[in-house]
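Chains A and B are the protein sequences, given in the same order.
Counting in the working numbering, the first sequence runs from -13 upward without gaps.
Counting in the working numbering, the second sequence runs from 478 upward without gaps.
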Amino acid sequence: MHAMNYQRINQILDDHGRNPLRLVQILIGIQAECGGIPASVRDYISKALAVPLAQVHGVVAFYHFLSPEIQGQYRIYVADNIIDRMHGNQEVMATLLQELQAERGKPRADGQVFIDYTSCTGLCDQGPALLINSRALTHVTPDRAKEIAERINAGEPLNNWPSHWFQVEESPRVAGPVLASQFEPGRGLQAALEMGPAQYLKEVERAGLRGRGGAGFRTAIKWRVSRDAPGKTHYVICNADEGEPGTFKDRALLTRDADAMFEGMTLAGLVIGAEKGFLYLRGEYTYLYSQLVATLARRRAEHLLGKNILGREFNFDVEIHLGAGAYVAGEESALIESLEGKCAVPRPRPPFTATHGYLGQPTVCNNVETFVKTALIAQNGADWFLECGTRYSPGSKLLSVSGDVARPGIYEYPFGTSVQTVLEACGARETQAVQIGGPSGTCITPNEFDRAICYEDLSTGGSFMVFNRSRDMLSVVQNFIHFFADESCGFCTPCRVGTQLMRRAIDKIVAGKAGARELKEIEHAAKCTRAMSHCGLGQTATKPFLDTLDRLRPQYEARLSNLDFVPNFDLDQSLSKTRALSQRDDPHAHLPQTGEACDARI
Amino acid sequence: MQESEFSFELDGTDLPFEPGQSIMEAATQAGVYIPHLCHHPDLRRNGSCKLCTVKVNGRFGSACALPAQAGCTVESNTSELQEMRRQIVQMLFVEGNHYCPFCEKSGNCQLQVVAYHVGMVDMHFPPFNTARQLDASHREMLLDRDRCIQCARCVRASQDLDKKNIFGLAGRGMNIRLVVNSDSGLLGDTDFSSADHAAQVCPTGALIRKDQAYPCPIGSRLYDTPISQHTIRQDARHD
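Shown next as structure tokens:
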């Protein structure tokens, strides 16, 4: 049994000032240090922070990357987005399990290794990808998986592994105004300080910038509402919880444009009168943490952050909080709950974040790309921003292109660009369907490829997944539905139960065991989940199913059993255990499974 | 109907409201029943069961969470909404393990009566048959998670009214469970009492008294008469 190192645990508690608001951060630290958070430690933390034990249990059970049991020295998560699957992640998983002699989802008998699937890790352009102790490995082939297993079995620390295994490439395929811009740290800030926060806000408004996370809310309005809302303290949050499967453009921005992002946050602080900002970095991007901390330190040294920024009476600083594996934390009110040390469960709205956000105070929460753009608007002006895009969607959009394409990666295009243009640029051939905006977005088929990427047509947070004609679209839908069922926070009934019903239904349909009546019924339940769910997760969780049912109905119909009803379990198979135990197998006691067979016997 | 600047339309009837009231509160005050389970007049709003979903100016939202607004149009008793509410109740039934025919709460159970109210005649969906832990450690009260619908009424009552903070919800998705704030995780190791508010608010048979069973004969149980009158009378009593 593992002896817990309470000295280290105390150190972690002290590092976080024994602040209950930092409960999630403390638990992430303990998970990394001890490989798990067993009952004794949960009790200890509960007492040390004076937080109810139920809250500590709740948080540990909520986040994917926290575990109530010791998982061991090597914690491996294989990305399981449909794109990773198309790249062969299942072979990688099989090889790892075989070579490590481990069972998926359970700590190995010696308590040294844990391996499981996880949702998209934001590396679909370099898959199959996996995370080992929060470090990303890309382009993992079964051969590489063998080498990985050898090193793990030899107990070799990750730092001794070949560094190129951990290489994450960031090379934009098509650069638009944002990626081609030369950003000079502090220039935008200087310009905004000179024109004054009110004038700068007008500039953002004139640019017509809309939120780049996908929802498209006007940034200037958000900032103004928050600025004008009464409150003791105002806060700025950057949402770097890029969890939508198939999206990785924030990963690229966090790697190459973190300076601009932090400057955008600082500008928001200037406008709304905040002195504190948070960067909420998704747990999957933990490997970017240290370089982001270094960027913050450099900006402090350059007087672009901290007290008296650029010699003015303006203080602003940024703290980085890590996520711990929860797609729903991308919803801004859920993200704030997580920042407050709780489970990432979306709050009821109204009130909205802009007026009642972090600790109930006025808070601005924007996406990474949005903040990069507010910094560039300060530096280059609104006219520069307005040079491209459409009337209702000014500017450009970063797209994360992956799937059946010759050149996956980041593409920056003006809003209004057609899907066809992107498909040609990335070398897509024989395309059957494109999933725009991830599983919660829209699935379109070739007769719609002239549609435009913009808020007024195909709105997207950036995910652009391409499927050619060889792909079975129903298994794509199945992957997405499983994703939502795994990521539902469980707060509201329609999403908690509805996504599970969807999961069961799609599995049955794909297995060819569902009838026409069931398809109709699940469509009905899907519409209930869409209408009644508490937040965007449940409201969009049924989209992959409903979209494809609309556009690719023949593919569903081809899979249906011609029976009116097929039971959910195979009675004959269920009896096989009893037959084995009783060592009796009477041929007349075999039960037919299908309606025809029943009829025939009668 | 009295002329007032504070009124909204609910299913074609003008209802007055006091500023700050939710749609649910205004409706209850006017004697109009909107089906609900997690809402309780004495407790802070939660909005998780989604049974009280209404259409406000054509958009779906929870009546318990949305503030009443002058001039807005609210639809509640429509076939579209009742149909979806029926599905929500069916979802709750297949998710847990509910056994009305011999449950001590039968006849006094809000889940059961709401099911009747929305016209549920079958579970419809395949049951999940999940294994859930029973906690019989407490002297007076039984915690049967099979019958729990995760409405957090007891959680809120214990936190806010009893100031004991005995319950919590833990886990994610369909693994979400009611947990107890004690080292052992058992109810018997807390200072929970059958006199607590938290012991009175469970809408199902998940938290019930041990020393009695079937105390009322059929015919005189709380919901042996139609639900809407009862719930409103009960809720009004709490106000």
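The beta-carbon is built from N, C-alpha and C at its ideal position, and this holds for glycine as well.
Between the alpha carbons of residue i and residue j, how many angstroms are there, rounded?
i              : j              : result
R562 (chain B) : G524 (chain A) : 16 Å
R335 (chain A) : L535 (chain A) : 31 Å
S445 (chain A) : T252 (chain A) : 27 Å
K262 (chain A) : V656 (chain B) : 35 Å
A95 (chain A)  : I56 (chain A)  : 11 Å
M600 (chain B) : V37 (chain A)  : 39 Å
G501 (chain A) : Y542 (chain A) : 10 Å
H715 (chain B) : S671 (chain B) : Because H715 (chain B) carries a pLDDT of 39, less than 50, the predicted location of this residue cannot be relied on, and the following value inherits that uncertainty. Each residue's Cα considered, the two are about 18 Å apart.
V222 (chain A) : G255 (chain A) : 6 Å
E228 (chain A) : G200 (chain A) : 11 Å
A576 (chain B) : T681 (chain B) : For the sequence presented, residue 576 (chain B) should be read as Tyr rather than Ala. Straight-line Cα distance between these residues: approximately 11 Å.
H2 (chain A)   : L611 (chain B) : 37 Å
T515 (chain A) : I138 (chain A) : 44 Å
I588 (chain A) : A575 (chain A) : Since pLDDT at I588 (chain A) reaches only 37, below the 50 mark, its modelled position is unreliable, and no value is offered.
L557 (chain A) : A503 (chain B) : 52 Å
E191 (chain A) : G489 (chain B) : 41 Å
F152 (chain A) : T127 (chain A) : 13 Å
T104 (chain A) : F477 (chain A) : 21 Å
L664 (chain B) : M618 (chain B) : 8 Å
Q59 (chain A)  : R4 (chain A)   : 26 Å
G311 (chain A) : Q98 (chain A)  : 21 Å
V678 (chain B) : S474 (chain A) : 26 Å
H615 (chain B) : D666 (chain B) : 8 Å
L117 (chain A) : D129 (chain A) : 17 Å
N352 (chain A) : L699 (chain B) : 50 Å
G327 (chain A) : G648 (chain B) : 15 Å
P673 (chain A) : L460 (chain A) : The structure shown has nothing for residue 673 (chain A), since chain A only spans -13 to 588.
What are the start and end residues of the beta strand (DSSP E) that includes residue i?
i              : result
M618 (chain B) : M618 to D621
C429 (chain A) : T428 to I430
Y103 (chain A) : V99 to T104
F485 (chain B) : S484 to L487
S388 (chain A) : S382 to G389
Provide the residue span of the alpha helix (DSSP H) that contains residue i, from first to last.
i              : result
V126 (chain A) : Counting along the chain, V126 (chain A) falls outside any alpha helix (DSSP H), and DSSP gives it neither H nor E.
P493 (chain B) : Counting along the chain, P493 (chain B) falls outside any alpha helix (DSSP H), though it belongs to the beta strand (DSSP E) covering T490 to P493.
D536 (chain A) : K529 to R537
H510 (chain A) : A502 to M518
V533 (chain B) : Not the alpha helix (DSSP H): V533 (chain B) falls in the beta strand (DSSP E), residues T530 to V533.
I492 (chain A) : T479 to V496
S500 (chain B) : The sequence shown places Ile at residue 500 (chain B), not Ser. Looking at the DSSP string, the run of the alpha helix (DSSP H) that includes I500 (chain B) is I500 to Q506.
Find out if the Cβ-Cβ distance for the pair residue i, residue j is shorter than 8 Å.
i              : j              : result
F537 (chain B) : V571 (chain B) : no
V452 (chain A) : T428 (chain A) : no
F435 (chain A) : S386 (chain A) : no
G250 (chain A) : A361 (chain A) : yes
V531 (chain B) : L492 (chain B) : no
G309 (chain A) : L267 (chain A) : yes
N145 (chain A) : C106 (chain A) : no
I16 (chain A)  : P54 (chain A)  : no
I495 (chain A) : L505 (chain A) : yes
H220 (chain A) : G259 (chain A) : yes
A340 (chain A) : A330 (chain A) : no
G522 (chain A) : E270 (chain A) : no
L82 (chain A)  : I62 (chain A)  : yes
K582 (chain B) : T479 (chain A) : no
3 or more residues per run - each beta strand (DSSP E) lying fully within the segment 235 to 283 of chain A: Correct list: 262 to 267.
Beta strand (DSSP E) segments (min. 3 residues) lying fully within the segment 399 to 424 of chain A: The qualifying runs are 417 to 422.
Beta strand (DSSP E) runs contained entirely in the segment 597 to 679 of chain B, provided each spans 3 or more residues: Complete beta strand (DSSP E) runs here, min 3: 618 to 621, 644 to 647 and 654 to 657.
Those runs of the alpha helix (DSSP H) which lie wholly inside the segment 170 to 246 of chain A and span at least 4 residues: Listed in chain order, they are 173 to 181, 183 to 193, 205 to 214 and 235 to 242.
Given 8 Å, three or more beta-carbon pairs between the segment 504 to 524 of chain B and the segment 579 to 597 of chain B: A contact is defined here as three or more CB-CB pairs under 8 Å, and the segment 504 to 524 of chain B meets this definition with respect to the segment 579 to 597 of chain B.
Ranges of the beta strand (DSSP E) found wholly within the segment 25 to 81 of chain A, counting only runs of at least 3: Counting whole runs of 3 or more residues, the segment 25 to 81 of chain A contains the beta strand (DSSP E) stretches 60 to 65.
Unbroken stretches of the beta strand (DSSP E), 3 residues or longer, contained in the segment 536 to 587 of chain B: If we require 3 residues or more, the beta strand (DSSP E) runs fully inside the segment 536 to 587 of chain B come out as 536 to 539 and 550 to 552.
Complete alpha helix (DSSP H) runs within the segment 434 to 477 of chain A (minimum length 4 residues, chain order): 459 to 473, all fully within the segment 434 to 477 of chain A.
Validate contact between the segment 1 to 18 of chain A and the segment 632 to 648 of chain B using beta carbons, cut 8 Å, 3 pairs: Taking a contact to require three or more Cβ pairs closer than 8 Å, the segment 1 to 18 of chain A and the segment 632 to 648 of chain B do not qualify as touching.
Sufficient close CB pairs (3 or more, under 8 Å) joining the segment 28 to 47 of chain A to the segment 70 to 77 of chain A: Contact fails: fewer than three Cβ-Cβ distances are below 8 Å.
Inside the segment 335 to 370 of chain A only - alpha helix (DSSP H) runs reaching at least 4 residues: For the alpha helix (DSSP H) assignment, the uninterrupted runs of no fewer than 4 residues enclosed by the segment 335 to 370 of chain A are, from N- to C-terminal side, 354 to 366.
Given 8 Å, three or more beta-carbon pairs between the segment 154 to 164 of chain A and the segment 393 to 400 of chain A: The segment 154 to 164 of chain A makes contact with the segment 393 to 400 of chain A; the number of CB pairs closer than 8 Å reaches 3 or more.
Three CB pairs or more closer than 8 Å across the segment 240 to 250 of chain A and the segment 165 to 179 of chain A: Short answer: they touch.
Runs of alpha helix (DSSP H) lying entirely within the segment 541 to 571 of chain A, each at least 4 residues, in chain order: Along the segment 541 to 571 of chain A, the alpha helix (DSSP H) occurs as fully enclosed runs of 4 or more residues at 557 to 568, listed in sequence order.
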